[in-house]
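*Asks:* According to our numbering, the sequence shown is numbered sequentially starting from 1482. Yeah, the Cβ is synthetic: ideal placement off N, Cα and C, and Gly gets one too.
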Amino acid sequence: MRIDIITVVPDLLKSPFEASIMQRSIAKGLVDVQFHNLRDYTDTNYKQVDDYQFGGGAGMVMQIEPIDKCISKLKSERDYDEVIYMTPDGETLDQGMANTISLKGNIIILCGHYKGVDQRVRDHFITKEISIGDYVLSGGELGALILCDAVIRLIPGVLGNETSALTDSFQDGLLAPPIYTRPAEYKGWKVPEILTSGNTPKIEEWREEQAYQRTKERRPDLLDE
Ligand code: ADE
C-alpha cells in the first residue's frame, strides 16, 4: 500500500513512522509512506497556502491552488483508490472503515489546517472525509496518524502473528476479553483458573462470554448494532 500525506507541517508526522509496527511495515516493503509539504506547491514569496474567508469570519482557509497542484501531480504519477480529507465533520473512523481502507492500493490523505480547506477542494478532489472523533484538533495531522496506524496494522504480513489483529477489540463487533500473562499469581492476585487449564474449547467459550459481558457493560451500543 502507498500512502501520500499532504500537510503544511510534515515534521509533525514523521517520527511515528520511525518506530514500532509502522516502521517495520515500511522496512518490510509492505507500506510506502510519502510526505508532501503543501508549501512546496505555492509560488508566492511567503510560501502562503491560506487566505482570509470570503464573506468575513475568523480563521484562515487553505487555498485550492497548492492543493490542486499537489494532488494533480500525484495523480499524474499513479492511480489512487481514495483521496481522503481529515476533518471533524467527516464520517467517524471505526474498525470497519479501517478494514476497508487496509484493502486499498494507493491513497492520498489531505490534512486540513487553520479553519480547513476551501469547499471546492472537497467538492472536486476528495472522495472520502474522515473524522477521528467529536472534538476539534489543531489540524488533521494527528488524525491522519491515527488513521494510518489503524489501517497499517491490518495489512496482511504487517503483524507477526496474523491472528492477532483478528482478535482486536471491535473486529468481531465486541470488545476484547481480559488478557493475562505470567506470573499466574502475583501478590495473591490469581489469573482465572480456566486460562491455565489447557482446555482450549473451554478457554474460547470463556473468552467469548467475557467479551460479551465487557461489551454489555461498557459499550452496549455495539450490541444494538
Ligand atoms: N481535524 C481537526 N479535528 C479533526 C478530527 N476530529 N478528525 C479529523 N481531522 C480533524
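So the candidates are G1571, N1587, A1692 and D1599; which of them puts its Cα closest to the Cα of P1547?
*Replies:* D1599
*Asks:* Mapping DSSP to helix, strand and coil, what is Y1693?
*Replies:* The three-state secondary structure of Y1693, taken from DSSP, is helix.
*Asks:* So is the beta-carbon of G1540 under 8 Å away from any non-hydrogen atom of the ligand ADE?
*Replies:* Proximity of the beta carbon of G1540 to the ligand ADE is not indicated: no heavy atom of the ligand is located closer than 8 Å.
*Asks:* Do I1582 and A1625 come within 9 Å of each other at the CB atom, strictly closer than that value?
*Replies:* no
*Asks:* Buried or exposed: G1586, going by 16 or more other Cβ atoms within 10 Å of its Cβ?
*Replies:* exposed
*Asks:* Going by C-alpha distance, which of V1530, I1660, F1606 and I1613 is nearest T1568?
*Replies:* Checked all of V1530, I1660, F1606 and I1613; the closest Cα to T1568 is I1613.
*Asks:* Within a Cβ cutoff of 7 Å, which residues of the same chain sit near R1700, ignoring the five residues on either side of it in sequence?
*Replies:* Result list for R1700: L1656, in chain order.
*Asks:* Identify the continuous beta strand (DSSP E) that holds D1604 and give its terminal residues.
*Replies:* Segment Q1600 to H1605 is the alpha helix (DSSP H) holding D1604; no beta strand (DSSP E) there.
*Asks:* Going along the chain, which residues of its own chain have a beta-carbon closer than 8 Å to the beta-carbon of L1628, five neighbours each way excluded?
*Replies:* I1565, M1567, L1574, A1579, I1582, I1590, I1611 and I1613
*Asks:* Can at least three beta-carbon pairs, one atom from the region 1522-1541 and one from the region 1657-1667, be found at a separation below 8 Å?
*Replies:* Judged by Cβ distances under 8 Å, the region 1522-1541 makes no contact with the region 1657-1667, as fewer than three pairs qualify.
*Asks:* Measure the beta-carbon distance from Q1515 to D1560 and round it to whole angstroms, keeping in mind my assumption that it falls under 8 Å.
*Replies:* About 15 Å separates the two Cβ atoms, so there is no contact after all.
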